[in-house]
């Protein structure tokens, strides 16, 4: 397989934008988190493509570690989701607006 | 990972393993005092280790530096962690939080901050950043009895997650354009136009900047700051305001010193960010009626000013920024320590109404708070002034007159809101209710911060000389 | 300077700054015991006054060089040095500060609330003022310049009148804007000088010889001017003062009008003029016109006031207009007159503010509508009020006249029209001062109840001032003597 | 004898004033009274003692340096010369009598210490003017008399009108002082000295145009103190003060300061014909103006006040006509008889039960001690210029000088002088008739007249009537003693043929008689005052107060309102408040972004990213990727 | 052939993601995303990263997304009743963003010679990756392990049930 590097980046950029769209448009905390996952995967795609482009191992290493970190973060995030659900019985992000100004 | 690396990493290892050990002990032994004492001791030992044990190499595993600069910040954050724990003692005991978990998280965050300040590799940077951010996610929301804490935790977490997304994508782009994650190379290869992918790399730097901007709350990524400061308990807020921001700035300073020319392309963007940030913070604080929110906005202004120092691509600027970070960290911690020391069953005093006339009940701490606020504002004779002076000096030297003028305007506005609080404290009409008398550790932290504010204000040479020798 | 600097000498100047500072700290340490605080503050200010007097008597004569000079390293990274220097002008201001501070502390005797804080702030203010008058390094100067604001801010905002918070903030922010302009200009000058000579320093004496282009000089001068004009205050930058003076507690008003305002003019003399001679030359005509406008504007405004404190505030502005006019004339006699007038104005207006405070204590009002007939009720107080009012309106033989006539004589030589216009202002001064006197001490008594006349403490405040007013009016030579050399050197475009 | 002892003359009253001021109320009343009289009488005695010092070029005494700065070197210095000596003698002498009178007058007033202190201080200030060696010392006295008149006019301060009258006097005279001040500054700039003699010596070197302006400035300064047109409005109101004050300040001494000033600077002033004409014109206008006003006044002291203005006008005319001796002669005689008149008027008011209105008096010759009537009459005939009185000779000398002046314009002034003399005689006798003739029309109860209020009248009456002897013209057998005493300072030699002199003297006598007859015809029997527009106009002093009010006071107050309320409050404070509001409204707008809703915060990320991309695009398009 | 496959997979990825972010039912969204991640894993494989591809399936699709699913099920989240009616204010930045990012990408691809360089033909054996991970990057792995430890603690602290009587 041989594809221009730019095309891989274009896919990644599109994916990133989709993830960002999800973050911005959705109001439910879980969906916002899913949007973040999409963004992270876009980053992974760039890393892997660049790794291939530069013929290096570093990019792939970064992806592996990124996955692990994401896992850790998701664990905490989901625990937080459960905690919030218990408190307020809602996961709509904008409902948590006790402080402002 | 060789033995040399481990030795060089010793202070961080002490913090991380000490934290883990206290976590383990805490699982069986729930008495908070010894755990806290252990935590404080660990942090202090870490600081001592960083100061006393010379690193066998200047580099750790290609990811982090173990040079003087890194060590300096390691000491600073370790001390900060110790101070944070001292301030948190009463809070933990009164709220019956798990001391083991809390202590270990703080130590773990300190380790992360120390690593971040010494990162020389984008992977190290990313990991260290994630490390202490994760700890803060938990710490902020750790008081599960508090509605606001939960909200603050959620806001910080979601924003943080999105920032992580930006960060990862940005680093990926940098990597794509330069083919390396090691910092000097990553920056250098871009200017050398290796492969001509420079623009992607620039975009990557921009994205990293957004993520960093979130962490140190640059406008317009600062919106979470007041909410989180308000919601988070003061001991955590203190760490968040000082360590988490300071470490990121320290990392930026490190990166900048390693990655000189690439920032050249980002100058106008940084200029804009700095200007907007200074203004947004100062103006936002004007209408506040809550001290913690006010401190949040003030931190925004300060970060903008810091950015001005960073913009100056010379050692003057770097030294000024470093000085500023240290001073800001100390001062800010002092402010939060005062707030924490006044907390009682009714919670922390936050709304202005609760502060009105407090100077008549607690004159010493009120006076200290006034001093700290004035230092934040930049009154000559306090450390805050020397910091601002250094930054403005560097900025003028680099020709950023516009930024300096904006900074001056922001400073004037800042004086307005700091002084309003200062006045409030000594208004005679409605004497405030008695608050908590504070404990010895809290007083100690407040005293040390006050002393530092004065000493660094009157004799800044001590710190400047140190920084001058440490700068990479 | 070189010989003086090398000689080991007792650090008198540091003592002047540090004594009040130490007094302030001691006051804070005795915060629970008001009586001790009062005694401490009085003792401190007496000691400072003693030192100042000693310096006046034993070090007061000079040929325009520094009378005393202290220099040691401070922040070497930025070339900031700990330099305290005293010439004739500084000596006079130091003496005035020490003297007025005594009166202020006596005046503050009756403060009930947070006594320790009040006295500590007063002493801190004194330290700041001493620093302003003595510091000879730009950053060091700036330090005191700002530090002096803080105690005044708190004096107003905590112990002041009904609108105190607003007035305090206005006072602080207004002057702050000016100060920041000065700070930026200072740093710029530092860098220009450093780039030229390779010597990065903030010591004023070294910066005198910086080569500046016309544009640079203009901008930097403007920066310094911003600070000093606001502080002076020249019209139209004066509205902070009327509010601040009106709202400040008695001792605060005394210090504000007697001392703090002088710092602006002192700054002009000490920093702005010597550092930027060419820009100064261009600016002097504008300064003169501004001063005249201020003189008249303030005199008119004063005539319209009902609150006697506000009236006095305007009268201060008007008088300072004359002081600035003398400076703008750039003439030896006029300068010495201006400097003398600064001192005499400090004493006379200060005394009037004291009297207003005493009247307020007794009658609980400051409105001319509600006052009157005090001569019949408190004759001694009323006499002093009349006396200082007359001094203030420039009656020959009393203090202000000596300064005013020197200013006018000097100014007439350089700018006859200015002097003539300023003379007209003298009538205006009589108009508002006499209106004040008429409203306060003449006329029928407004209340039946008997008011207490002056107490011993109040006599102690007023009598020395009155004697000094007569002395300065009839024989100002001892106070002019230290000025001759210094002013001549300054006018020649240099500093020792 | 040491010249420095001359300082005792002014310092003695000053010392007594200070003592009275500080301790007067704590010591016995007698002490204060003795102190006050001693101060002035002592000065009088000293003047006599030092008389010899005035001969020749006079004596100069320096006490100590007052101001020294650069070229300025001004000392407290006295100059006791031939111009100053008689004036000093007159001031101290008349003042002594007035002080004695005042002791009697004030014997029921409790605030005597302040009164005597001010009185003494006043004498001191007047002496400072008279004896001043330099302009600054003169200025000290100049302002000093202003201050003392302020304090004395408003002495009964509980009535606000009195205090206001004092303020008015101070302010209006201060306007004159400004002109004097300008002259002072200018003279110093021109000559480098303030010494009066030195200035006079250098006067010829000053360019003529400048001399004119300087002389006019001095004239205006003199107008202020001497209550000449246009700065005359304060004098009539100044009668609010106690009568001894009126006698001292507004008859004998203070108002003459202006004349004295012009005489002092005669060598300078006389260099300019224009200035001399202006002085004469001012004097003439004032003389006739005040005389007309005096005809319609109803209060006894106001009549006298206007007559003072009128007589001082004569003195100005004399200076203008070039005869210093003539001016000083009239000054002296006028001082005697006017002090007499005021003091007698004080007695009259006492007798009338504190009634000022002459239309509510009448018949006082029989009501009171008869010598009072004679004393008053003595003053009146002097004022009216009946032949052989002091006033007659001095006034005649002035008219002669005017008549003989080479400039034809002076004939007009002479005519005015003659007409004024007629009016003077008329209103003087109007006063006499209304006060003393007929039946008592008032309701007040007479106060007893203490002895001290009565006998000081006699020396003055004597001096007034015989005052002519001081300077009796040659053609009636006199020696022109005063003229010779002044020597070179006497001004122009008035030369006229004896025929002209006799003609003028006859005219003067006829005019005085005519005035008397007119008054006799009109006021022999009591008639109520006229109520017509003309008399109202004259009563109000030609509406001068209203004019000043409209021209100066109202613009001043409205300017004050504009500056304070309009400029400071509305414009400057308004701008500042507006700025503050603007900034805080920006703050509010920014804070509104912090909605507390996560979606807002997240979209801030998006906006930031957008800016980044925009910047990036710009860079791409501009730099082609680099 | 594989080149075409790459583009097909890419389009599947984008389509699946688009479906994911527009689903109102979170369960559906997660399922779509899992599908997308499978496609992504294959793309990784094509780019010569077999181990990463495997991890993508195992960790991302297999663990993380399942965790999401688990939470959704556990909390019994119904499809959102409130229709997500984003106003134009929320669309505007997005539209602008997408447009400008795409513009950037296009510009780069068209203008930048480096972006036109081919990638592919690179294969990184899992062994090499493993050696890098536990060799040069051992320290990073350790850090991540700490991260996971503390994440566990955090999850425990936050996730355990609220104390009695304090859950509202």
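Residue numbers (the numbering used here), protein chains in the order written: chain A, 205 to 305; chain B, 15 to 486; chain C, 146 to 641; chain D, 323 to 948; chain E, 5 to 172. Think of the CB as a built atom: it goes at the ideal place given N, C-alpha and C, for glycine as much as any other residue.
Exercise. Would you please verify whether the beta carbon of residue 209 of chain B is less than 8 Å from any beta carbon of chain C?
Key: By one-based count along the second chain, residue 209 of chain B stands at place 195. With a pLDDT of 47 at residue 209 of chain B, under the threshold of 50, the predicted position of this residue should be treated as unreliable, though the coordinate-derived value follows. No, no contact with chain C.
Exercise. Taking only runs that begin and end inside the stretch 365 to 450 of chain C, name each unbroken alpha helix (DSSP H) of 4 or more residues, in chain order.
Key: 384 to 392, 395 to 400, 406 to 412, 422 to 448
Quiz item: In angstroms, rounded to a whole number, what distance separates the CA positions of residue 807 of chain D and residue 492 of chain C?
Solution: Counting from one through the fourth chain, the residue named residue 807 of chain D turns up at place 485. Counting from one through the third chain, the residue named residue 492 of chain C turns up at place 347. The alpha-carbon atoms of residue 807 of chain D and residue 492 of chain C are separated by roughly 48 Å.
Quiz item: Excluding five sequence neighbours on each side, which residues of the same chain lie with their C-beta closer than 7 Å to the C-beta of residue 460 of chain B?
Solution: Taking the second chain and counting its residues from 1, one reaches residue 460 of chain B at position 446. So the qualifying residues of the chain are 348, 351, 352, 355, 379, 382.
Exercise. Please list the residues of the stretch 373 to 407 of chain D that have a C-beta atom closer than 9 Å to any C-beta atom in chain C, keeping them in chain order.
Key: 386, 387, 388, 389, 390, 391, 392, 393, 394, 396, 398
Quiz prompt | Reference residue 256 of chain B; option with closest CA among B:360, B:128, B:133 | solution = Stepping through the second chain from its first residue, residue 256 of chain B is reached at position 242. Minimum Cα distance to residue 256 of chain B is reached at B:128.
Quiz item: Just curious, the beta strand (DSSP E) that residue 396 of chain D is in, first and last residue?
Solution: Locating residue 396 of chain D in the fourth chain gives position 74, counting from the first residue. Segment 394 to 402, the beta strand (DSSP E) holding residue 396 of chain D.
Practice problem: Inspect the CB distances between the stretch 560 to 569 of chain D and the stretch 523 to 536 of chain D and report whether three or more fall short of 8 Å. | Solution: no
Quiz item: Looking only at its own chain, which residues have a Cβ that is under 6 Å from the Cβ of residue 416 of chain D, when we skip the five neighbours before and after it?
Solution: Along the fourth chain, one-based indexing puts residue 416 of chain D at 94. Closer than 6 Å at the Cβ level, and outside the excluded window around residue 416 of chain D, lie 574, 657, 661.
Quiz item: If you draw a straight line from the C-alpha of residue 598 of chain D to the C-alpha of residue 577 of chain D, how long is it?
Solution: Locating residue 598 of chain D in the fourth chain gives position 276, where the first residue counts as 1. Locating residue 577 of chain D in the fourth chain gives position 255, where the first residue counts as 1. Going from the Cα of residue 598 of chain D to the Cα of residue 577 of chain D covers about 19 Å.
Practice problem: Along the alpha helix (DSSP H) that carries residue 867 of chain D, what are the first and last residues, could you check? | Solution: The residue labelled residue 867 of chain D in the question sits at position 545 within the fourth chain. First-last of the alpha helix (DSSP H) with residue 867 of chain D: 866 to 870.
Quiz prompt | From D:687, D:489, D:935, residue whose alpha carbon lies closest to that of residue 555 of chain D | solution = Indexing the fourth chain from 1 puts residue 555 of chain D at position 233. Per the Cα distances, D:489.
Quiz prompt | Closest residue to residue 468 of chain C among C:248, C:207, C:568, C:595 (Cα-Cα distance) | solution = Walking along the third chain from the start, residue 468 of chain C turns up at place 323. Checking every option, the nearest Cα to that of residue 468 of chain C belongs to C:568.
Practice problem: Taking only beta-carbon positions, decide if residue 233 of chain A is within less than 8 Å of chain E. | Solution: Along the first chain, one-based indexing puts residue 233 of chain A at 29. It does not: the Cβ of residue 233 of chain A has no partner Cβ on chain E nearer than 8 Å.
Self-check item: Which of helix, strand or coil DSSP assigns to residue 91 of chain B
Solution: By one-based count along the second chain, residue 91 of chain B stands at place 77. Reduced to three states, the DSSP call for residue 91 of chain B is helix.
Exercise. Could you tell me whether the Cβ atoms of residue 776 of chain D and residue 691 of chain D are closer together than 8 Å?
Key: Start at 1 with the first residue of the fourth chain, and residue 776 of chain D comes out as number 454. Start at 1 with the first residue of the fourth chain, and residue 691 of chain D comes out as number 369. Contact flag set, yes.
Quiz item: In this structure, does DSSP put residue 315 of chain B in helix, strand or coil?
Solution: Position 301 of the second chain, counted from the start, is the residue given in the question as residue 315 of chain B. Here residue 315 of chain B sits in helix by DSSP.
Quiz item: Mind checking if residue 219 of chain B is an interface residue toward chain E, Cβ cutoff 8 Å exclusive?
Solution: Taking the first residue of the second chain as 1, we reach residue 219 of chain B at position 205. No - not a single Cβ of chain E is within 8 Å of the one on residue 219 of chain B.
Exercise. Have a look at B:443, B:324, B:163, B:197 and flag the residue whose alpha-carbon is nearest the alpha-carbon of residue 241 of chain B.
Key: For the purposes of this step, residue 241 of chain B is identified with residue 227 of the second chain, where counting begins at 1. Out of B:443, B:324, B:163, B:197, B:163 has the C-alpha closest to the C-alpha of residue 241 of chain B.
Self-check item: Spatial neighbours of residue 429 of chain B in its chain, beta-carbon cut-off 7 Å, leaving aside the 5 residues before and after
Solution: Here residue 429 of chain B corresponds to residue number 415 of the second chain, with the count starting at 1. Within the same chain, residue 429 of chain B has close Cβ partners 391.
Exercise. May I ask which residues mark the beginning and end of the beta strand (DSSP E) holding residue 159 of chain C?
Key: In the third chain, counting from the first residue as 1, residue 159 of chain C sits at position 14. Counting along the chain, residue 159 of chain C falls outside any beta strand (DSSP E), though it belongs to the alpha helix (DSSP H) covering 157 to 174.
Quiz item: Can you name, in chain order, every residue of its own chain whose Cβ lies under 7 Å from the Cβ of residue 604 of chain D, other than the five neighbours on each side?
Solution: For the purposes of this step, residue 604 of chain D is taken as the residue at position 282 of the fourth chain. Counting only Cβ-Cβ distances below 7 Å, and skipping sequence neighbours, we find 541, 545, 550, 551, 638.
Quiz prompt | Interface partners of residue 238 of chain B on chain A, CB under 8 Å | solution = Mapped onto the second chain, residue 238 of chain B falls at position 224. The contacting residues do not exist; residue 238 of chain B stays about 10 Å from chain A at best.
Quiz item: Does DSSP put residue 729 of chain D in a helix, a strand or coil?
Solution: Within the fourth chain, numbered from 1, the residue matching residue 729 of chain D stands at position 407. Three-state result, residue 729 of chain D: coil.
Quiz item: Per DSSP, residue 116 of chain C forms a beta bridge with which residues?
Solution: Here chain C has residues from 146 to 641 only, and residue 116 of chain C is not among them.
Quiz prompt | 8 Å Cβ cutoff met for residue 225 of chain B and residue 326 of chain B | solution = For the purposes of this step, residue 225 of chain B is taken as residue 211 along the second chain, with counting starting at 1. For the purposes of this step, residue 326 of chain B is taken as residue 312 along the second chain, with counting starting at 1. No.
Practice problem: Helix, strand or coil for residue 528 of chain D, going by three-state DSSP, please let me know. | Solution: Against the fourth chain, residue 528 of chain D aligns to sequence position 206. Residue 528 of chain D: coil per DSSP, three-state reduction.
Quiz item: What in chain C is Cβ-close to residue 437 of chain B, meaning under 9 Å?
Solution: The residue given as residue 437 of chain B occupies position 423 in the second chain. 298, 299, 302, 303, 309, 310, 313, 314, listed in chain order.
Practice problem: Give every residue of the same chain whose Cβ lies closer than 7 Å to the Cβ of residue 209 of chain B, excluding the five residues on either side of it in the sequence, and list them in chain order. | Solution: Position 195 of the second chain, counted from the start, is the residue given in the question as residue 209 of chain B. Unreliable placement is indicated for residue 209 of chain B, whose pLDDT of 47 sits below 50; the coordinate value is still reported in the next sentence. Excluding sequence neighbours, residue 209 of chain B sits near nothing in its chain.
Practice problem: Alpha carbon to alpha carbon, how far is residue 410 of chain C from residue 428 of chain D? Give it in angstroms, no decimals. | Solution: Stepping through the fourth chain from its first residue, residue 428 of chain D is reached at position 106. Stepping through the third chain from its first residue, residue 410 of chain C is reached at position 265. If you take the alpha carbons of residue 428 of chain D and residue 410 of chain C, they lie about 50 Å apart.
Quiz item: So, is the C-beta of residue 422 of chain B closer than 8 Å to a C-beta in chain A?
Solution: Position 408 of the second chain, counted from the first residue, corresponds to residue 422 of chain B. No - not a single Cβ of chain A is within 8 Å of the one on residue 422 of chain B.
Self-check item: For residue 303 of chain B, the residue or residues it bridges with in DSSP
Solution: Your numbering for residue 303 of chain B matches position 289 in the second chain. According to DSSP, residue 303 of chain B bridges with nothing at all.
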